[in-house]
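Following full-length UniProt numbering, the numbering of the sequence shown begins with 1 at its first residue and continues without gaps.
Inspection log for the structure reproduced underneath, given as structure tokens.
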Amino acid sequence: MEFVTTTQLRTKSPQILAQLKLGKSIRLIHRSKVVGTIKPPENEPKVMTEAKINELKKIIKAMNLPKLSQKQMEKNYRDHLMKKYGKGIS
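Given below as structure tokens:
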């Protein structure tokens with residue numbers, strides 16, 4: 001499946017998905033003109049390794065953020081909502 005019309009996007013979506021999973025790109029046609037290309041993503045998602053996690057922990061520790069209790073976090077959240085939306089929130 002090299003080309004697909006806008007109507008076929010709805011009717012042949014399983015075949016389109018199968019082609020994309022195989023790594024093939026598909027041209028999109030609308031009113032006899034190629035209007036775009038549908039292609040699978042090129043990059044794989046980044047994986048969090050133990051080394052990256054340790055690096056993040058070091059960065060967080062270097063930032064020296066204050067420790068907040070659950071009660072303080074809820075108060076900050078309520079204050080933010082009050083500031084953003086006003087008094088009508090229950």
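Even for Gly, the Cβ is constructed at its ideal location relative to N, Cα and C.
About 11 Å separates the Cβ atoms of Ile38 and Ile29, ruling out a contact at the 8 Å cut-off.
In the three-state scheme derived from DSSP, where H, G and I count as helix and E and B as strand, Thr7 is classed as helix. Leu17 is not a Cβ neighbour of Pro40, given a cutoff of 7 Å. Just so you know, the alpha carbons of Ile53 and Met73 end up roughly 24 Å apart. Within the model, the alpha-carbon separation for Lys58 versus Thr49 is close to 14 Å. Here Val4 is buried. Its C-beta has 16 or more other C-beta atoms within 10 Å.
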